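>
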C-alpha cells in the first residue's frame with residue numbers, strides 16, 4: 044500500500060514539492076518509520092535503470108534492501124513510477140523498473156522531474172534526484188555506490204554533474220564508495236568545497252576512494268575511522284542548524300573486489316576514446332562509459348559493483364561512553380534515530 048506523505052513530513056518552503064503535492068507517494072513502511080523516528084536509509088534507483096543489466100540490477104537492488112533490513116533499518120528506494128514519485132518501492136515495482144525494455148525509464152535529476160511527472164513516465168533517480176526527494180520527505184541518510192562529479196575535460200565541455208550542486212543544496216548524509224573513477228577526482232573535491240560539502244573518508248587513511256579502486260591520489264579534507272565518529276559529525280551538523288551542505292562519507296570498496304588503479308585507469312582512458320568516437324555526451328556519458336568498462340574488463344567491473352553492494356559483512360555497534368550515554372538521554376527520538384541509522388549503515392559498509 045502507498046499513501047500520500049503526511050504534510051508534516053514535508054519541509055516548508057519546498058521548491059519542487061509543495062504541501063499539496065499530489066506526485067509524492069511514500070510507502071506505509073517508510074511513513075510509519077518516519078513517524079516513529081526509526082532509522083530510514085534512502086537508496087537511489089539509477090543503479091536499477093541505468094547502472095546494471097537486467098536481471099542483475101533487480102537482484103542487486105533487492106539484496107541491498109535486505110542488507111539495510113538486516114541492520115534494523117528501513118530501506119527507501121526512490122524512483123518515479125508512472126508519473127508518481129515513489130519513496131519505498133515494492134518488489135514488483137523494482138522488477139518492472141529493472142526490465143528497461145518495458146519500463147523505458149528516464150534518468151532523472153532535479154531538472155527532469157517536471158517532464159517525467161507531467162508525461163507520467165518512469166524514471167530512475169540519480170544521486171541529485173534522490174537528494175531532492177530525501178530533503179523533502181525528511182530522510183537524512185542516503186547510501187549509494189559512486190557519486191557523479193566533474194568530468195575529465197570539463198574545462199572545455201563544462202560537464203559537471205548536478206550531484207555536486209545538489210549536495211550543496213540539501214541536508215543529507217551520503218555514504219558512498221567515493222567518486223566514480225571515470226571522473227576528475229581532484230576537481231570534484233574542489234567543487235565540493237565550493238559547495239560547502241563536508242567530505243571525509245571512513246577508514247584508516249584520508250585517501251579518497253575512487254569507486255572501483257580503494258584509493259586515489261587525492262586526499263579528503265577529513266578522515267574518520269569509526270561509524271561512531273561519523274555519527275558525531277552528523278549530529279554536530281544537525282545541531283548547528285546548517286540547512287544546506289550535505290555530508291559525504293567515502294568508504295573504500297572491500298579489498299577482494301578492488302581494481303588496481305593503473306589497470307582501471309587504462310580501461311577508462313580507452314572507454315573515453317570510444318565515447319568521443321561515438322559522440323556520446325551529457326547524461327548519456329556515464330551509462331555508456333560504465334557499459335564500455337564492463338566489456339573491456341571482461342565483466343570484472345560489473346562484478347565489483349555488484350559484490351560491493353551485496354557486501355554483508357557487519358561489525359557490532361560500539362557502546363557509547365558514559366558521557367555519550369548521558370548526552371544521549373537528552374536527545375530527541377529523531378536525533379537518536381539519526382545516530383542509529385548512521386552507525387548501523389556505516390558499519391555495514393566497513394570492510
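Residue numbers (my numbering): 44 to 394.
Backbone N, C-alpha and C define an ideal beta-carbon position, used for all residues, glycine too.
Remember, it's a predicted structure, so these values are computed and weren't measured experimentally.
Give the single residue among 118, 202 and 230 whose Cα lies nearest to the Cα of residue 185.
Ranking 118, 202 and 230 by Cα distance to residue 185 puts 118 first.
> Within 10 angstroms of its Cβ, does residue 95 collect 16 or more other Cβ (buried), or is it exposed?
It is buried - the Cβ of residue 95 has at least 16 other Cβ atoms within 10 Å.
> Per DSSP, which one or two residues make a beta bridge with residue 151?
Residue 151 pairs with 168.
> Can you tell me which of the three DSSP states residue 205 falls into?
Looking at residue 205 - three-state DSSP - the assignment turns out to be helix.
> Indicate whether the contact test is met: 3 or more Cβ pairs, each with one atom in the region 266 to 283 and one in the region 196 to 204, closer than 8 Å.
No, the region 266 to 283 does not touch the region 196 to 204.
> Looking at the strands, I want to know which residues DSSP matches up with residue 293.
Partner(s): 219 and 244.
> Considering only residues of the same chain and omitting the five flanking positions on each side of residue 285, which have a CB-CB separation below 6 Å?
Nothing listed; no residue qualifies.
> Does DSSP put residue 161 in a helix, in a strand, or in coil?
Looking at residue 161 - three-state DSSP - the assignment turns out to be helix.
> Taking DSSP as the reference, what is the three-state secondary structure of residue 331?
Residue 331 falls in the helix class under three-state DSSP.
> Among all the DSSP beta bridges, which residues are the ones paired with residue 118?
DSSP, once it has assigned bridges, lists 84 as partnering residue 118.
> Under three-state DSSP, which class holds residue 260?
Three-state result, residue 260: coil.
> Hey, is residue 69's beta-carbon within less than 9 Å of any beta-carbon in chain D?
Judged by its chain identifiers, the structure shown contains no chain D, having just a single protein chain.
> For residue 153, count neighbouring Cβ atoms within 10 angstroms of its own Cβ and tell me buried if that reaches 16, exposed if not.
Under this definition residue 153 is a buried residue.
> What's the C-alpha gap between residue 250 and residue 149?
Approximately 34 Å, taken between the alpha carbons.
> Around the C-beta of residue 163, are 16 or more other C-beta atoms found within 10 angstroms, so that it is buried, or is it exposed?
Looking at its Cβ environment, which holds fewer than 16 other Cβ atoms inside 10 Å, residue 163 is exposed.
> Determine the DSSP secondary structure at residue 270, reduced to helix, strand or coil.
Residue 270: helix per DSSP, three-state reduction.
> Take the Cβ of residue 65 as the centre, count every other Cβ of all protein chains shown within 10 Å, and call the residue buried at 16 or more, exposed below.
Answer is exposed; the Cβ neighbour count stays below 16.
> On the three-state DSSP scale, how would you describe residue 226?
Correct three-state label for residue 226: strand.
> Residue 101 lies in the alpha helix (DSSP H); which residues open and close that run?
Residues 99 to 113.
> Go to residue 20, then tell me how far its beta strand (DSSP E) extends in each direction, as first and last residue.
Since the first residue shown for the chain is 44 and the last is 394, residue 20 is missing from the structure and cannot be characterised.
> Since residue 168 and residue 87 should fall inside the 8 Å C-beta cutoff, what is the C-beta to C-beta distance between them, to a whole number of angstroms?
About 5 Å; that satisfies the 8 Å criterion.
> Quick one: is residue 361 buried, meaning 16 or more other Cβ sit within 10 Å of its Cβ, or exposed?
Residue confidence for residue 361 is low, a pLDDT of 28 falling below 50, so the modelled location carries little weight; the figure read from the coordinates is stated next. Residue 361 comes out exposed.
> With DSSP collapsed to three states, give me the class of residue 184.
It is a strand residue.
> When we look at the beta-carbon of residue 237 and count the other beta-carbons within 10 Å, is it buried (16 or more) or exposed?
Per the 10 Å Cβ criterion, exposed.
> Please name the residue or residues paired with residue 278 in a DSSP beta bridge.
None; residue 278 has no bridge partner.
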